[in-house]
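What follows is one structure encoded as structure tokens, with my remarks underneath.
4 protein chains.
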Amino acid sequence: MSTPPLPFGIYQFEVYGRGLGGERPALPTTFDGLQERAREQLSDAAYGYVAGGAGEERTMRANRAAFDRHRLVPRMLGEVGQRDLTTTVCDTTLNAPVVLGPVGVLSIVHPEGELAVARAANELGVASCLSNAASTTLEDVATATPDAPRWFQLYPPNDPEVRRSLVARAEAAGNEAIVVTLDTLTMPWRPRDIAQAYLPFLLGEGIANYTADPVFRSKLAEPPEESPQLAIQQWAQTFPNPQMSWDDLAALRSETGLPLLVKGILHPDDARRAVELGIDGIVVSNHGGRQVDGSVASLDQLPAIVDAVPASVPVLLDSGVRTGSDVLKAIALGARAVLIARPYVWGLALAGQDGVREVVRSLLADLDLSLAMCGCSSLAQVDGDLLVPAPGA
Amino acid sequence: MSTPPLPFGIYQFEVYGRGLGGERPALPTTFDGLQERAREQLSDAAYGYVAGGAGEERTMRANRAAFDRHRLVPRMLGEVGQRDLTTTVCDTTLNAPVVLGPVGVLSIVHPEGELAVARAANELGVASCLSNAASTTLEDVATATPDAPRWFQLYPPNDPEVRRSLVARAEAAGNEAIVVTLDTLTMPWRPRDIAQAYLPFLLGEGIANYTADPVFRSKLAEPPEESPQLAIQQWAQTFPNPQMSWDDLAALRSETGLPLLVKGILHPDDARRAVELGIDGIVVSNHGGRQVDGSVASLDQLPAIVDAVPASVPVLLDSGVRTGSDVLKAIALGARAVLIARPYVWGLALAGQDGVREVVRSLLADLDLSLAMCGCSSLAQVDGDLLVPAPGA
Amino acid sequence: MSTPPLPFGIYQFEVYGRGLGGERPALPTTFDGLQERAREQLSDAAYGYVAGGAGEERTMRANRAAFDRHRLVPRMLGEVGQRDLTTTVCDTTLNAPVVLGPVGVLSIVHPEGELAVARAANELGVASCLSNAASTTLEDVATATPDAPRWFQLYPPNDPEVRRSLVARAEAAGNEAIVVTLDTLTMPWRPRDIAQAYLPFLLGEGIANYTADPVFRSKLAEPPEESPQLAIQQWAQTFPNPQMSWDDLAALRSETGLPLLVKGILHPDDARRAVELGIDGIVVSNHGGRQVDGSVASLDQLPAIVDAVPASVPVLLDSGVRTGSDVLKAIALGARAVLIARPYVWGLALAGQDGVREVVRSLLADLDLSLAMCGCSSLAQVDGDLLVPAPGA
Amino acid sequence: MSTPPLPFGIYQFEVYGRGLGGERPALPTTFDGLQERAREQLSDAAYGYVAGGAGEERTMRANRAAFDRHRLVPRMLGEVGQRDLTTTVCDTTLNAPVVLGPVGVLSIVHPEGELAVARAANELGVASCLSNAASTTLEDVATATPDAPRWFQLYPPNDPEVRRSLVARAEAAGNEAIVVTLDTLTMPWRPRDIAQAYLPFLLGEGIANYTADPVFRSKLAEPPEESPQLAIQQWAQTFPNPQMSWDDLAALRSETGLPLLVKGILHPDDARRAVELGIDGIVVSNHGGRQVDGSVASLDQLPAIVDAVPASVPVLLDSGVRTGSDVLKAIALGARAVLIARPYVWGLALAGQDGVREVVRSLLADLDLSLAMCGCSSLAQVDGDLLVPAPGA
């Protein structure tokens, strides 16, 4: 679609240049500003679904606090005129260590939903990971992302035949990896959604990958187009999988030749066990604080998990990333890349594809400039020496 | 009255299902929301009596902060399709490790007071503990709770005859244990009540167990029905017992064959001494922060007290429990069960029996789901390995 | 004037009793409430003078935070039916370990100023310490305080003759001790007063002890009654004494047989040096955060200073005391007694003598009850075993 | 212009004296008050440019929090009637350890900009450091500052000829030192400016030292007076210098005989390396939190950097200084002097030269009085013994 704008750090000058013509950015320039604007525009139910977390949302706050417990020590005169933000995850080369993480049912915040996200990712050349609970089929999203890396996220359903079908389709559509989310095998307690009595899937939103799936369809008495309620009921019976075991994960591992990452890992022992089963990458995540209220911050668990697995296994960090310095801190603590979610979802909510692109470009510009200001010209130079603990942390 | 809804974790789907018909939960879904709504509906005096604490309410805040100093480390793939929340306290089997703790004089927040609470507990099959300062007699409450475990709480009065009479009645009514509260032998300094010059007992509220007591009545020149003021005065002379000694506790111990728990313990030495006297269980409690401003958080003292007593003596945790993850943390730190109070009182204030039931079901659903999300299928799997200290704690 | 009401802890029942007649306390029951009400009633200048501190008022906040870093561990069944709050400081027996500390120029908050305070102290039998910067002469205050211990506070002026005269008058008026304040030998930087360009002494307020002093008067060309400006100028030249030395303190020590306490000590070495000079008692104080912005909290320095001086030398704690549990914590950390200031000044501002009495009675009731709730029946039982550090402190 | 008012501590009495005539200070007396007033008066763009920081402004908050982690322990009876605030930095004697730090493009907050600042510095005799990104030429500022020490700050441009020309002019104008800023070799990510699409330099503000530079002018096809856009473009190509190396710093070192300080150092190794190259002084700075979001607080790095360099190399502290006690803390931690910025810029914004003078005089009075209150009569007495860590820090 377009040539990726490199280096990212020039983006700010584009904005300043527009300012000379009297043009201001259409979107707020901070996460809090984006979220506040999104709150004003979205329905309470849709806003709450994205913004909310489990229980008292202590884990959401913990995720942010974890970043504040590390401080960067900038170095001077690093000869940083040219910066290289590329990284590699499971044979996928990324032009920046930032992946648009999987978020389900984006139709509730914008009519173009996941397609707008995919197009923005493609414009920027950044990697994205489609949720299997998307409002759009993985095939349509693949078509919209010809020029950027693309992964597929899977909540393993309790029906192995459906699972295998979803995996096969992800392979066929040219995804470069599958990300298996382990932390959401049942629905958590989210007071904001409970208060709205709102679960979009029960309204038929976010189940496109199921209703388009031949195996899933074969189990329905009537096709979803004719009897949507039947499809919803079948989905509701197929999705929850709390009884899933490590053996089931091993089975899944054997069913695809694609790199397989597991997402939701918070304990080093779980990371080790996954690697023993042949898992190719780990995403340290507490699902943005949406599953277990009061659980550990993702970032706090990152170093121990990096230590627990072989250096050849990439560890990614998800949950709480908001700024360029957050990304730097995660990299310095051993992450190969990070996943972001709410920031780009608010961009989507406010301005569709353009909004996603602007939010992500801003984050990448911030990252690129912060890297330079720290005296580094590539991610390989970013390690623990760049950090000190915040006093009292 | 009804079959207890098990597993509790399906409750959220009930709510989502109702949402399809346009129905939203009648009550706020967070503790802060409940309290705010209750504040709007209740008189300042009644609201302040329940919501308030001693002095500057530092202990109330400490209770909450104590939970934030522990973080759960969820484990993946625990095969948690079936969960078992049962626990046992002094030969009482509980279907969940949550007891509706004793709260006096509930008539001030709802006309059905303790009866509504008892009926809700009975509906859910959860255990409850009636305050001896209730607005309703223990006999009436017993009738309302045929199908759920029931305990009786006692503030030992300074008159041993009255004490013995109350204990005998508790036994006769089929209570399964007596909980002796030691931390309120005189009235504390509660600025909110002082500001309202409000003590409901002086208005004749919350002394039903006294005015119905044959021994207490025998000491009155006129029956309470004819001379309520006389009864109030007699109660005011009988209730305070700051001179109570450990010998008095031993005497009480000898007066009943029921399991005897002591509530208000905060120091391991006091727990040890109680066990030496033959006490059967310990409730670690600072009375919800209502007694000594600036005292330790209950949860912070829990581990040392668990360590101080034999494993056969159950230790329960009271004060500050608001969410499912709070319960999990208390269990992980050694509590056999927890007591809750303000959450269900706000439910009572807002919607009577239905309100109590909805608040408690929500808490149990949250607990059940959080347990599953942590990778555990029974409380026996919940131990200290599930926790890490929050950084800086 | 009246029989001191003992034990203090019954005061709350007096309030509840009045509530039965529909009467609510005239004053707010919390410090924040008192201060807020005072802010509404006083001029900005007078309010700011009392409420404000040095610089950014970090020390004021530090004083409060210091109390929060200690937590009380209540003990059960201490047989606390009778409590004894008495303590002894330099041969003065106090009926409670709370002294109304010296506050200058109280005429700016209430027309009866220091006299109202003295009368309230006398009603309650509590000790008070008159500021030498009072709006009223020490002789008038002595007359108003026949039945309660009374001390005199001195800012040593730079004129030794005036100093000796003030000391001699304090002796003659029957004061039981002199408290020499060392931390205010020049005026600090207080932004609230600067913003109002307000220093009440330059308006002739708060210099009554000077204008009534025969030696001071002898140095004036005209008597203050005829030429107030001349007296103010002379005061302004006599008061500042930043060049004061330890030798000067030794000289002062030699000039009186009364017990001499020094106030403003924050370093153990300064405490030791004072004791070596024959000082009889130490008041650990940062002047309520009014002198050096960012200085240590008084309470944080208390234990080291208690350790630094012989057990025979009483150490008192000033700055930040608001509640009964604050007093208990200070006693547990080694203080013989505490000084309070802003709480009673707000009481004075709002309701004169009655206001002072009500605020102080409330604090003493809170203290008495908190002592009982902690399982102690006298201050001798209050020691470090009653405290644990707040986690993270 | 005037005799420097010494000692500074009498300034408050000047204010109190004016109060007797009904006059209140024209400016707020706290930093927060100044900033709030400035926010009301300035355009959003100009206010945001000065007030804002990088990213989420975590570093700005860290700078302030760092001061709160140290507490002063005042000493009594230090005989502090006369205080000496002088210090020496690279052979420049300063009458106080406070330098008006370099801030670019002050024309955006006040029409007299840097000239007003220079005149105020001259009135007070305090040192100032002109930004090379000033709205006024260094020659004009030199003329306005005949009686006070003056330094010149340099962002080394990527054109060595322009660099040498700027240095030569700074020498010719009688500057006593050059301060080379290393932390801004490219523009950082500042959301407030991005939100306004505002970079004043692109509007031709703040490039006076370039447009007046003969070498810079020689590279323009047309003089700036005729073609301002051309000059702006040339400046935009000359200013960014992210590829600058330590060798380039060595070259700069060889080009001037003036003392050379480097500003922006945060790591001890960078300080050491600078000293090895012959740099004469270190300014520990994170540019007021304007460069790398989440970077260390300047004050937190100060002690390690003081330790890293020889005692003969002065270390100055920049970023976050607001009050006299802040200055004392920095001195106690090893700083020879501090730089201030936003405080005087708000003074400038609100009242031009008078505003700068009033803000700086207030800060110096606060410092002088706080020094006295701590028992010290000269900066030589201020060392680490004056500090204790704040509990929990």
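Protein chains in written order, with the UniProt record's numbering: chain A, 1 to 393; chain B, 1 to 393; chain C, 1 to 393; chain D, 1 to 393. Cβ coordinates follow ideal geometry from the N, Cα and C atoms, glycine included. The structure displayed is predicted, hence computed values, not measured ones.
Query	Result
Starting from R58/B, find everything on chain C with Cβ-Cβ shorter than 7 Å and list it in chain order.	D68
Taking only the alpha-carbon atoms, compute the straight-line gap between A66/A and L299/A and give it to the nearest angstrom.	6 Å
State the Cα-Cα distance for the pair G347/C and S254/C, rounded to the nearest angstrom.	38 Å
Which residues of the segment 173 to 188 of chain C have a Cβ closer than 8 Å to any Cβ of chain D? Give them in chain order.	L182, D183, L185, T186, M187, P188
DSSP on W151/C, reduced to helix/strand/coil?	strand
In this structure, how does DSSP classify A177/C when only helix, strand and coil are distinguished?	strand
When you compare the CB of A244/D with every CB in chain A, is at least one pair closer than 8 Å?	According to the sequence shown, residue 244/D is Met rather than Ala. Yes, because at least one Cβ of chain A sits closer than 8 Å to the Cβ of M244/D.
Please confirm whether C374/B has its beta-carbon closer than 8 Å to some beta-carbon of chain A.	yes
Could you tell me whether any Cβ in chain A is nearer than 8 Å to the Cβ of S325/B?	yes
Going by beta carbon distance, what residues of the same chain come within less than 8 Å of R357/B, once the five residues before and after it are set aside?	A120, E123, L124, G347
Going by DSSP, name the residue or residues bridged to A337/B.	L316/B
Counting only the same chain and skipping the five closest in sequence on each side, list residues whose C-beta sits under 6 Å from that of S319/A.	N63, S285, N286, G288, S298
Residue 394/D to D84/D, Cα distance in whole Å?	What is shown of chain D runs 1 to 393, which leaves residue 394/D out entirely.
Tell me whether the segment 82 to 97 of chain D and the segment 266 to 286 of chain C touch, counting them as touching only if at least three CB pairs, one residue from each stretch, are closer than 8 Å.	no
Can you say whether R169/D is buried or exposed, counting buried as having 16 or more other CB atoms within 10 angstroms of its CB?	buried
Can you give me the Cβ contacts of P149/A inside the same chain, cut-off strictly under 7 Å, excluding the 5 residues immediately before and after it?	T92, L94, A127, E176
Spatial neighbours of A144/B within its chain, please: C-beta separation below 7 Å, excluding the five flanking residues on both sides.	L115, A118, R119, N122
Between the C-alpha atoms of S2/A and P191/D, what's the straight-line distance to the nearest angstrom?	At S2/A the pLDDT is 40, less than 50, meaning the model places this residue with poor confidence; the figure from the coordinates comes in the next sentence. Distance between the alpha carbons of S2/A and P191/D is about 26 Å.
Report the neighbours of L249/A on chain B: residues whose CB is nearer than 9 Å to its CB, in chain order.	M76, L77
Name, please, each residue of chain A whose Cβ falls closer than 7 Å to the Cβ of P391/B.	R69, D300, A393
Would Q234/B and L220/B be called neighbours here (beta carbons separated by less than 8 Å)?	yes
Could you list which residues in chain B have their beta carbon closer than 7 Å to that of L20/C, in chain order?	L202
When the Cβ atoms of the segment 205 to 212 of chain A are set against those of the segment 130 to 143 of chain A, are three or more pairs found closer than 8 Å?	yes
Using the DSSP secondary-structure output, state which residues sit across from C129/C in a beta bridge.	W151/C
If you follow the beta strand (DSSP E) that R71/D is in, where does it begin and where does it stop?	70 to 72
Could you check the C-alpha separation between V61/C and L277/D for me, to the nearest Å?	For the record, residue 61/C in the displayed sequence is Arg; it is not Val. Between R61/C and L277/D, the C-alpha separation is close to 45 Å.
Check whether the Cβ atoms of G384/A and L316/A sit closer than 8 Å, and answer yes or no.	no
Do the CB positions of V321/B and I305/B come within less than 8 Å of each other?	no
Note down the Cα distance separating Q153/C from T181/C, rounded to an integer number of angstroms.	7 Å
Can you check DSSP and say which residues form a bridge with R240/A?	In the sequence on display, residue 240/A carries Pro and not Arg. DSSP output for P240/A lists no bridge partner at all.
From P4/B to D147/B, what does the alpha carbon distance come to, in whole angstroms?	A caution first: P4/B carries a pLDDT of 46, below 50, which makes its placement in the model unreliable, though a value can still be read off. C-alpha separation (whole angstroms): 10 Å.
In whole angstroms, give me the CA-to-CA distance for L386/C and G392/B.	24 Å
Where does the unbroken beta strand (DSSP E) through I265/C begin, and where does it stop?	260 to 265
Do G281/A and D183/A have their C-beta atoms closer together than 8 Å?	no
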